[in-house]
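Colleague: Protein chains in written order, with the numbering used here: chain A, 1 to 265; chain B, 1 to 288.
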Amino acid sequence: MKKPVFYLLSSLLFLLPALMLAVKSFTPVWKWGEPLSFDWTLRGWEVFLMDSRIYEALLLSILIALTVTFLNLFVGILAGKALSHSDFKGKGLLETFLLLPLFIPTMAAALGLHITMIRLGLANQWLGVVIVHLVPTIPYTIKVMKAGYDRVGSGIIEQAKVLGGGSFHVFRSIELPLLMPSVRSAVFLTVTISMSQYVLTAVIGGGNVITLPIIYYPFLQSVNDTVMAAFSIAFALLPVIAVAVVELLSKLLTYKGTLVNRGVT
Amino acid sequence: MKWHLNKRTTALLVPAFFFLLLVLYSLVMSFVESVKGPNGWTLSYYRDLFLEERLYASFGYSLSITLISTALSIVIGWALIRSFHTLIENSLGKWILWIPMLFPHFVWGYFVLLLLGQSGVLSSFLYSIGLLESRNQFPVIVQDKEGLGIIITYLWKEIPFVVLMLLPVYAQLPKQYGEVIHVLGGTKRDYFKTIEWPWVQPVLVEVFLIVTAFIFTAYEVPALLGVQYPQMTAVLAYDWFYGISWDERSYAFALLFMISIVMSLFALLSFLLLNRRRWLISKSQHQR
């Protein structure tokens, strides 16, 4: 009884909207009052992929999102390990402080950094946008990575150290493979959040850093729902692609012949 | 147990410290900008800010939208996970709930507009089957004065967020304690009081704070689905920041700084009150 209710409810509320956008991206513009037309067309995707402005924005958004992601993983993995595997005075307070950026308006951070960015020459630059995108993402990544290290435990790492493994070697062969589920979640969250930033990008990018949201946002009222739907679906595909890229990179970084390959995990 | 930060741990935390410095610095700069007048430091912008009618309209409007959206998201999300957590734990259920998380808030806002706007798909559909005579008969639920469209968008996005935040807690609830209670003749109420609530409460508080802070100060959705007046806080701050006069620019900083301080204190206090219990739970987790 529970099962059908759950799947019906969740499909109706969460799967159907995505499907509707997907279908919409392949059907002509629906004019009000006319029956919905299902003459399949690639027009929406053509406009989306052929427009050089959109194409450049797509590349820039990916560049920004991936840079933000790697900085996130760097900060998050180190801090997550420290918070999970060691105990020190004030740890609880530090953890709380690291969550605090989630409770302040991100706009306060963006506007506060604006003048400094201008002075440092980072305003209107993609790197400046990367820095401000760190504010709403890093707290999540630290949280996710700490939970990851909690799950892995310190025993297996100490064991490897006792057996004479160097820190980086242990990281590549043991920590990273075991942390992959957390890394995936962190990448997913970070890329999605980075792709969702209109106002932070607009303020710091100053109309010079054209990412996808900067193009998408003013067109939201547009009548061409076919192009808009294709655009919308693209937003959802990017985090999925990003996870795939990171997966690939971690495969390259992971020491060959690890636990995973032997099927121990 | 080490009670002082050793070198190794400190080294691991250095990047995180830099991040905190960045955020702190941005707040300090917001404050500096809010007290910098043409003739030196002044607190007059804060005083004048409270004379602005737009501020009160914005606060009332933002607060009601935020509290309604947050409360409903948490109640519905919590109810969902309580009834279905075994189903959500398997991968298919989890993937369905991840779908809305994939889309940025403004994309979901666009979808709500496309579906529920006066010229939207639903209204068009109702017209074509003869239930409406013109699009004006379709109720204004998006870009309306009450912010209904904003609330719908937020509910749609935040309910899955609440569920996914609570999921690990429900997956880890110590089920054997439930058996103990059952054997000793306890009721479902006892189970809730002694096991479920202590585990869930810290996460509920955290989710409540995150969602409240986010909705109260987010720009994208209300800028898209709101009206000219009243405006939610972020939209007002944005307008002021790019406003013509210097005063308005200072108002933007003062407004955002005030919200930052209030929200941080609120969050800090909640966590301090919760921390002790959370510490006890983490200890008991280690011993299992």
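Using N, Cα and C, we set each Cβ at its ideal position, and we do this for glycine too. All figures in this text were calculated on a predicted structure; none of them were measured in a lab.
Across which residues does DSSP place B:TRP41 in a beta bridge pair?
Modeller: Its beta-bridge partners are B:LYS36.
Colleague: Quick check on A:LEU9: buried or exposed, where buried means 16 or more other Cβ atoms within 10 Å of its Cβ?
Modeller: Exposed, since its Cβ has fewer than 16 Cβ neighbours within 10 Å.
Colleague: Note down, in chain order, every chain A residue with its Cβ under 9 Å from the Cβ of B:GLY93.
Modeller: By Cβ distance, chain A contributes PHE6, TYR7, SER10.
Colleague: In chain A, which residues lie less than 7 Å from B:GLU220 when you measure between Cβ atoms?
Modeller: The contacting residues are TYR198, VAL199.
Colleague: Can the beta-carbon of B:SER7 be found closer than 8 Å to that of B:PRO100?
Modeller: Residue 7 of chain B is actually Lys in this sequence, not Ser. Not closer than 8 Å, so no.
Colleague: Cutting at 7 Å between CB atoms, please list the residues of its own chain near A:LEU274, excluding the five before and the five after it.
Modeller: This structure cannot settle anything about residue 274 of chain A, because the visible part of chain A is limited to 1 through 265.
Colleague: Chain A partners of B:ILE152, CB-CB under 8 Å?
Modeller: What B:ILE152 touches in chain A: nothing, since even the nearest Cβ is about 12 Å away.
Colleague: Counting only beta-carbon atoms, is A:ALA109 nearer than 8 Å to chain B?
Modeller: Yes, because at least one Cβ of chain B sits closer than 8 Å to the Cβ of A:ALA109.
Colleague: Can you list the residues of chain B that A:VAL75 reaches, using a CB-CB cut of under 7 Å?
Modeller: Those are PRO15, ALA16, PHE19, listed as they occur along chain B.
Colleague: Mind checking whether B:LEU167 and B:GLU89 have CB atoms under 8 Å apart?
Modeller: Going by C-beta atoms, B:LEU167 is nearer than 8 Å to B:GLU89.
Colleague: Go through its chain and collect everything with a Cβ distance to A:PHE219's Cβ below 7 Å, but skip five positions before and after it.
Modeller: Same-chain partners within the cutoff: MET228.
Colleague: Please return the same chain residues whose Cβ sits closer than 7 Å to the Cβ of A:ASN224, not counting the five positions on each side in sequence.
Modeller: Contacts found: VAL29.
Colleague: Taking the C-alpha atoms as reference points, what is the distance between B:LEU122 and B:LEU209?
Modeller: Cα to Cα, B:LEU122 sits roughly 34 Å from B:LEU209.
Colleague: Please report the distance separating the alpha-carbon of A:MET20 from that of A:HIS169.
Modeller: Using only the alpha carbons, I get a separation of about 47 Å.
Colleague: If you follow the alpha helix (DSSP H) that A:PRO139 is in, where does it begin and where does it stop?
Modeller: Counting along the chain, the alpha helix (DSSP H) containing A:PRO139 begins and ends at 126-152.
Colleague: With 16 other CB atoms within 10 Å as the buried threshold, where does B:ARG249 fall?
Modeller: It is buried - the Cβ of B:ARG249 has at least 16 other Cβ atoms within 10 Å.
Colleague: With three or more beta-carbon pairs closer than 8 Å as the criterion, would you say the segment 122-138 of chain A touches the segment 170-180 of chain A?
Modeller: No, the segment 122-138 of chain A does not touch the segment 170-180 of chain A.
Colleague: Pick helix, strand or coil for B:PRO230, following the three-state DSSP scheme.
Modeller: In the structure shown, B:PRO230 sits in coil (DSSP, three-state: anything other than H, G, I, E or B).
Colleague: Measuring alpha carbon to alpha carbon, tell me which of B:VAL163, B:PRO198, B:GLN118, B:VAL235 ends up nearest B:LEU132.
Modeller: Cα-wise, what sits closest to B:LEU132 is B:GLN118.
Colleague: Assuming B:TRP197 is part of the alpha helix (DSSP H), what are its boundary residues?
Modeller: First-last of the alpha helix (DSSP H) with B:TRP197: 197-217.
Colleague: For a contact meaning CB atoms closer than 7 Å, what does B:LEU256 contact in chain A?
Modeller: The answer, in chain order, is PRO105, MET107, ALA108, LEU111.
Colleague: Check whether the Cβ of B:ARG135 lies closer than 8 Å to any Cβ atom in chain A.
Modeller: Judged by the 8 Å Cβ criterion, B:ARG135 is in contact with chain A.
Colleague: Taking Cβ-Cβ distances below 9 Å as the criterion, which residues of the segment 46-63 of chain B are in contact with chain A?
Modeller: If the cut-off is 9 Å between Cβ atoms, the segment 46-63 of chain B has nothing near chain A.
Colleague: With 16 other CB atoms within 10 Å as the buried threshold, where does B:GLY40 fall?
Modeller: The residue is exposed, with fewer than 16 neighbouring Cβ atoms inside 10 Å.
Colleague: Quick check on this structure: which residue in B:VAL23, B:LEU173, B:LEU55, B:LYS193 has the alpha carbon closest to the alpha carbon of A:PRO105?
Modeller: Answer by Cα proximity: B:VAL23.
Colleague: From A:LEU98 to B:SER245, what distance separates their C-alpha atoms?
Modeller: Using only the alpha carbons, I get a separation of about 36 Å.
Colleague: Do you know offhand how far B:TYR242's Cα is from B:GLU220's?
Modeller: Taking the straight line joining both Cα atoms gives about 16 Å.
Colleague: Taking Cβ to Cβ, would you say A:MET107 is nearer than 8 Å to A:ILE204?
Modeller: In this structure, A:ILE204 does not lie closer than 8 Å to A:MET107 by Cβ.
Colleague: Give a yes or no on contact between the segment 230-240 of chain A and the segment 185-194 of chain A, applying the rule of three or more CB pairs nearer than 8 Å.
Modeller: Flag = yes, the segment 230-240 of chain A and the segment 185-194 of chain A touch.
Colleague: Going by DSSP in three states, A:ASP51 sits in which element: helix, strand or coil?
Modeller: Three-state result, A:ASP51: coil.
Colleague: Whole beta strand (DSSP E) runs in the segment 14-94 of chain B with 3 or more residues, listed along the chain?
Modeller: Qualifying beta strand (DSSP E) stretches: none in this window.
Colleague: Does chain A have any CB closer than 8 Å to the CB of B:ILE76?
Modeller: No, its Cβ sits nowhere closer than 8 Å to a Cβ of chain A.
Colleague: Compute the distance between the beta-carbons of A:ALA65 and A:SER194, then report whether it is under 8 Å.
Modeller: Taking 8 Å as the Cβ cut-off, A:ALA65 and A:SER194 qualify as a contacting pair.
Colleague: List the residues of chain A that B:VAL121 touches, going by C-beta distances under 7 Å, in chain order.
Modeller: By Cβ distance, chain A contributes TRP30.
Colleague: Which residues in chain B have a C-beta closer than 7 Å to the C-beta of A:GLY33? List them in chain order.
Modeller: Under the 7 Å cutoff, chain B gives SER124, TYR127, SER128.
Colleague: Taking only three categories from DSSP, how would you classify A:THR41?
Modeller: It is coil, neither helix nor strand.
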